[in-house]
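Residue numbering for the sequence shown follows the numbering used here, starting at 2 and increasing by one per position.
Cβ atoms here follow ideal geometry from the backbone N, Cα and C, with glycine treated the same way.
Inspection log for the structure reproduced underneath, given as structure tokens.
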Amino acid sequence: MLRQFNAFTPFCLLLLITFCQTAFSQTTPAQTTSAQTTPAQTASSHAPKFEIDTQTEHTVKVRVKNRTYVGTPIDWYDGNLDLLRRDGRWSVLPIDSPDQYKVLSPSFSVMSREKMAEKLKKEFGKRYSVSSTASFLVVHPLGGYHKFAKPFEDLNKSFETYFHKRGHHLEKARFPMVAVVLNTRAEYDRMLKAKDSSSEGWVGYYSPRSNRIITYDRTIEESESFFKTSTLIHEATHQTAYNRGIHNRFGGSSSWIVEGVACMFQAEGVYNSGVHKRRKDRINHSRLWGIQVAIKDGSAKHKLRDIVRSDQLFRSDVDLAYAYAWGLTFYLAETQSRTYLNFLAEDAQRPNFSAYGEQVRLERFAEAFGSDFDNLESRMFKFLKQLNVKVDGRVYKP
Ligand SMILES: [Zn+2]
């Protein structure tokens, strides 16, 4: 059977966000985004014939080019093994002989937090501290626990609070989540370059493959607190959502769902909902500005079916896609929160590596929110048009 799920799940890379009034003199907001998709697996007509059990969790050792990997097999497709490693990383390994593969144990266990911390210390060296919080292991510049590590845990707790207040209980993260804060931009660029994904504008990203957030200490070049940036909150939201049952890391992703949640959490009334409780605090103003402009100039019209059906809009018009994804998510979360959260929960329950084609996406959405897409879009636009884009107390209208 042809596997329709692309094992190379895209990860989100956000450009530096400068949220200021000048954003509103432009047709697009200052907050811009760029999603990158890594290359798809190469299909081979010479796939090996032996079988590998991917249905029951067990521990295997895999040898590829003089390197050994230990984990549990989660998919075996066309000569490539998807291996979930004991520290939560997900590797895709080419295997052409059963000799590369050995079963070590009939069970699978997550690596201990102590062992993971030890390995991270070895990987990043003496110029970094590795701090442990309840849910995270944070690699960061020496001695900066309160500046770099605690904020990740605080956000994780806020995330939990937001969902808990709406009657939705999050799963416990199976693996400690890893965040890496590099000392300098230069180190970050070198790391991106090594991964063949260098870009001037990116300031941080979460990779579902490594299950890590990678960023760098920008407080040296910008006089702002480390975590007071939307980018980091956006990426940390992705990581938390994938690790706590809001999305399935191995289930294929619908970009409007994933990006909508992350954009929604960039607003302080969402990421810090215990303190900021009003609806207007929950607005992501740059995204609201983006969608209001698009509603006014007509470019958002009839896009609901498109964005639900496929991720094409994220490739053809990334600003509109992110604004629309936020607008749709915010509308559903604010006006029918129970239905929206049930929809998220069911979406996360799809089996690993199952087909997630256009028809399935449309059907699942219609089952939850109805099949009259134009009517839903009209109601959503009406709701969004009534909200005020506010910056520093001033109201802006497109
Ligand atoms: Zn994102």
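Do you know how far the Cα of residue j is from the Cα of residue i?
i, j, result
"M192", "F370", "42 Å"
"R280", "Q337", "14 Å"
"V396", "V390", "6 Å"
"P40", "R306", "Low confidence applies to P40: its pLDDT is 34, below 50, so where it sits in the model is not reliable, and the reading given next is rough at best. Between P40 and R306, the C-alpha separation is close to 27 Å."
"A195", "E188", "11 Å"
"G72", "H170", "28 Å"
"R283", "H277", "8 Å"
"L321", "G205", "21 Å"
"S231", "Q267", "5 Å"
"L363", "V309", "6 Å"
"L314", "F109", "40 Å"
"K304", "I96", "42 Å"
"H286", "V93", "39 Å"
"S255", "A324", "15 Å"
"L105", "R167", "43 Å"
"I292", "G358", "26 Å"
"A346", "I258", "11 Å"
"A135", "S372", "42 Å"
"E1", "Y341", "The structure shown does not extend to residue 1, since the chain is modelled only from 2 to 399, so the question has no answer here."
"K127", "R210", "26 Å"
"S317", "S311", "12 Å"
"G299", "G275", "37 Å"
"D1", "M265", "Within the shown structure, residues of the chain are numbered from 2 to 399, placing residue 1 beyond reach of any answer."
"H141", "D393", "32 Å"
"A237", "Y272", "10 Å"
"T1", "G145", "A question about residue 1 goes unanswered here, because the residues of the chain that appear run from 2 up to 399."
"Q360", "P352", "17 Å"
"M117", "D88", "7 Å"
"E119", "K302", "52 Å"
"E172", "F149", "24 Å"
"S130", "K123", "11 Å"
"V65", "F125", "24 Å"
"S208", "A356", "21 Å"
"S113", "M178", "12 Å"
"P152", "P49", "47 Å"
"S132", "R186", "21 Å"
"Y78", "R365", "26 Å"
"E378", "F164", "25 Å"
"D190", "W203", "9 Å"
"E368", "E154", "35 Å"
"P74", "N67", "19 Å"
"P30", "T57", "Its pLDDT being 29, under 50, P30 is placed unreliably in this model, and the value from its coordinates should be taken loosely. Roughly 47 Å separates the two Cα atoms."
"F344", "Y332", "14 Å"
Name the one or two DSSP bridge partners that residue i has.
i, result
"I214", "A180 and Y207"
"R68", "V65"
"P142", "Y129"
"F404", "As shown, the chain starts at 2 and ends at 399. That puts residue 404 outside it, with no answer to give."
"P95", "N81"
"P74", "L84"
"T60", "S106"
"V392", "R395"
Kindly indicate if chain B contains any beta-carbon less than 8 Å away from that of residue i.
i, result
"T241", "Structure shown: chain B not included; a single protein chain is present."
Can you round the beta-carbon distance between residue i and residue j to whole angstroms, since I take them to be within the 8 Å contact cut?
i, j, result
"D54", "F354", "Contact doesn't hold; Cβ gap of about 14 Å is too wide."
"I234", "L156", "6 Å"
"W91", "N212", "7 Å"
"F176", "V111", "6 Å"
"K386", "I296", "6 Å"
"F51", "P99", "5 Å"
"Y70", "R86", "6 Å"
"V294", "P399", "4 Å"
"G270", "A349", "In fact, because the Cβ distance is near 24 Å, the residues do not count as touching under 8 Å."
"A174", "R245", "6 Å"
"L289", "L143", "About 40 Å separates the two Cβ atoms, so there is no contact after all."
Compute every distance between the C-beta of residue i and the non-hydrogen atoms of ligand 2, then say whether any falls below 7 Å.
i, result
"A237", "Ligands displayed in this structure: ligand 1; ligand 2 is not among them."
Take every Cβ of the stretch 52–63, pair it with every Cβ of the stretch 79–88, and state whether three or more of those distances are shorter than 8 Å.
-> yes
Using 8 Å as the threshold, is the stretch 317–336 in touch with the stretch 377–386, meaning 3 or more CB pairs across them?
-> yes
With a cut-off of 8 Å, do at least 3 Cβ pairs link the stretch 203–216 to the stretch 176–187?
-> The stretch 203–216, when compared against the stretch 176–187, does touch it at the 8 Å Cβ threshold.
Is the stretch 236–249 close to the stretch 152–165, with three or more CB pairs under 8 Å?
-> yes
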